[in-house]
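This report refers to the structure that appears directly beneath it.
2 protein chains.
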Amino acid sequence: MLSASVKISLDHKSYLREPESTTLGRKIIAESIRLIDALGFEQFTFKKLAAEIGSTEASVYRYFENKHKLLVYLVSWYWAWLHYTVTFQLQNLPSPTDRLNRAIEVVARAGQADDPSVAHIDERILHRVIVAESSKVYHTKEVDSENKEGFFLELKRFCHYLALIVLEINPGYPYPHALISTTLEAAHQQLFFAQHLPSLTDVAAEQYTETVNFLKQMVFASIK
Amino acid sequence: MLSASVKISLDHKSYLREPESTTLGRKIIAESIRLIDALGFEQFTFKKLAAEIGSTEASVYRYFENKHKLLVYLVSWYWAWLHYTVTFQLQNLPSPTDRLNRAIEVVARAGQADDPSVAHIDERILHRVIVAESSKVYHTKEVDSENKEGFFLELKRFCHYLALIVLEINPGYPYPHALISTTLEAAHQQLFFAQHLPSLTDVAAEQYTETVNFLKQMVFASIK
DNA sequence: CCACAAATGATAGTAAAGCTATCAAAAAAG
DNA sequence: CTTTTTTGATAGCTTTACTATCATTTGTGG
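Line by line, the protein sequences give chains A and B.
Position 201 (the first sequence) corresponds to 1316 in our numbering; numbering is contiguous.
Position 57 (the second sequence) corresponds to 1172 in our numbering; numbering is contiguous.
Here it is, written out as structure tokens:
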């Protein structure tokens, strides 16, 4: 597949300085993804990140107030990227059922992304980070104020986009947003459980394929 | 309802010293629930907890290695308590469909618990803590080793217990554990979204009732 | 009720995390 | 080529997350 370089831009300022616009900023993003994946978010620090990219703590702090805001940035970027990818994959699919089926596939298989659409971001590693860490962005005491600042817009927009497809299939279904947000979370959870807590799931060997099947069955059974 | 005092006991050692067995231990549990609820897990520290209960940091560290293990203890206690409550509520319900319906109600309405079954633990506050913080217990780099130590047994056991009811209703349903783990997580998520990120859900005014209805519809549609 | 063990409190101290400030050097923009 | 912006280098401060020691209190078994 041919894909021109895509610029994903966000609607809010989880950052102090636009990281995409400088070499150092891009290094911060690229290396933070790798380092959070390697250490886990709790053990990840700006000091370690700075060492990794041959810069200093102070310089990293010029881009992000703290590591939480950096995670907000990464998670928002991920949802914007996934939204873009899904939109692209749904082109020329007129049937809403086909569209929802394809959307579920793309969402659940995001970890298999073969198509690096952005030069310095490794979407497969980012996906692992999202699976393990994304729920931490809103499970904080600051969730309401950060929500007002627009920090979760990308997820909310994507959820609404998919909810509208659900309503196209069945305008009378009463819980389109709840079903989609549950499905989006479950797509991550089931992969995480398959790897770490297998007795919480039934998907195992072919984890992507089985997650897709489970989610499709659940979603379509619910809305029909 | 008449309920004798119940002792919930756990199968693993997230603690160093059994907190239920001493006055200080029970104060640590009771006050940590209140403080985590008030400050959020990130801002919660053993120093603040010790100040709150008129003790010292060192004393708290004699009960729990660190605040993460304390959270593991609280979350495990919650699942064991909920399992007990559900088992109790399913007595004399022979029909698996009735049993599953009732189980979903109890799970989704755990935050309305009117029945303080354990003297020093406020289950309603604990429920808020669980909704906001519980996923942090396994989203760590230590998940595999802690899983081996049995830290997640209570959740896994409860999930399996409900999965067996699903299989009673439809022995051919292929994803009983995935469906139940998704439902358990969704029960928390939807309440959290209703309060903090309402555009990710459709449940609003009557959040408990609507969450119950959404989950029942999803579960029974999936397995029938 | 005494002796002894266990639990707690008081205090101190350490390493790392999570910042903020300052100033000089380098790079980029006009 | 000068001026603004960005980065690096260094320093320092507060808080968190512990660990250690010793005295005191509490609780228990004889």
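Built from N, CA and C at the ideal position, the CB exists for glycine as well.
No experiment lies behind these values; they were computed from the predicted model shown.
Here the stretch 1216-1230 of chain A makes no contact with the stretch 1174-1183 of chain A; the two share fewer than three CB pairs at distances below 8 Å. The residue from Leu-1150(A), Tyr-1193(A), Thr-1202(A), Leu-1139(A) with its alpha-carbon nearest to that of His-1303(A) is Tyr-1193(A). Taking all protein chains in view, the Cβ of Glu-1325(B) is crowded by 16 or more other Cβ atoms within 10 Å, so the residue is classified as buried. By the neighbour-count criterion, in which 16 or more other beta carbons inside 10 Å mark a residue as buried, Gly-1287(B) falls on the exposed side. Asn-1181(B) is outside the set of residues whose beta carbon lies under 8 Å from a beta carbon in chain A. Per DSSP, Tyr-1323(B) is one residue of the alpha helix (DSSP H) stretching across 1322-1338. DSSP places Gln-1304(A) in the uninterrupted alpha helix (DSSP H) bounded by 1291-1311.
Contact annotation for Pro-1291(B) against chain A: Asp-1317 [CB-CB distance below 8 Å, chain order].
The Cβ neighbour count for Thr-1297(A), taken over all protein chains shown within 10 Å, is at least 16; the residue is labelled buried. Around Asn-1285(A), no beta-carbon contact reaches into chain B at under 9 Å, the shortest distance being about 11 Å. Contact of Glu-1300(B) with chain A by beta-carbon distance below 7 Å involves Glu-1300, Gln-1304. One thing to note: Asp-1317(B) has its Cβ no nearer than 8 Å to the Cβ of Ala-1319(A). In the three-state reduction of the DSSP assignment, Ser-1314(B) falls in the helix class.
Annotation for Pro-1211(A): the continuous alpha helix (DSSP H) segment containing it runs 1211-1223.
Per DSSP, reduced to three states, the secondary structure at Ser-1170(B) is coil, with no helix or strand assignment. Taken through DSSP and simplified to helix, strand or coil, Gly-1140(B) comes out as helix. By the criterion of at least three beta-carbon pairs nearer than 8 Å, the stretch 1179-1199 of chain B is in contact with the stretch 1119-1130 of chain B.
Sequence-ordered contacts of the stretch 1184-1213 of chain B with chain A are nonexistent [C-beta pairs closer than 8 Å]. Take the alpha-carbon of Glu-1321(A) and the one of Pro-1289(A): they are about 33 Å apart. Among the residues of chain A, those whose CB is under 8 Å from the CB of Asp-1259(B) are His-1311, following chain order. The beta carbon of Arg-1141(A) sits closer than 6 Å to those of His-1235, all from its chain and outside the five residues before and after it, given in chain order.
The Cβ atoms of Ser-1147(A) and Leu-1125(A) lie no closer than 8 Å to each other. At a cut-off of 8 Å, the C-beta of Ser-1170(B) has no neighbouring C-beta in chain A. When secondary structure is reduced to three states using DSSP, Pro-1286(B) falls in the coil class, being assigned neither helix nor strand.
Interface residue (Cβ-Cβ distance to chain A less than 8 Å): Phe-1273(B) is not classified as such. Contact between Ala-1247(B) and Phe-1159(B) does not hold, since their C-beta atoms are separated by about 11 Å, which reaches or exceeds 8 Å. When the Cα atoms are used, Lys-1162(B) and Val-1201(A) turn out to be separated by approximately 47 Å. Per DSSP, the unbroken alpha helix (DSSP H) holding Asp-1259(B) starts and ends at 1258-1263. For Glu-1167(A), the nearest beta carbon of chain B is not closer than 8 Å to its own beta carbon. For the C-beta of Glu-1157(B), the chain A residues within less than 8 Å are, from N- to C-terminus, Thr-1255, Lys-1256. In the three-state DSSP reduction, His-1198(B) falls in the helix class (H, G or I). Interface with chain B (8 Å Cβ-Cβ cutoff): Thr-1297(A) is included.
The alpha-carbon of Gln-1332(A) is positioned some 7 Å away from that of Ser-1337(B). If you ignore the 5 residues before and after Ala-1301(A), its C-beta comes within less than 7 Å of the C-beta of Leu-1330, all in its own chain and listed in chain order. Taking a contact as a CB-CB distance under 8 Å, the pair Phe-1266(A) and His-1198(A) does not count as one, their CB atoms being some 16 Å apart.
At least one beta carbon of chain A lies nearer than 8 Å to the beta carbon of Phe-1308(B).
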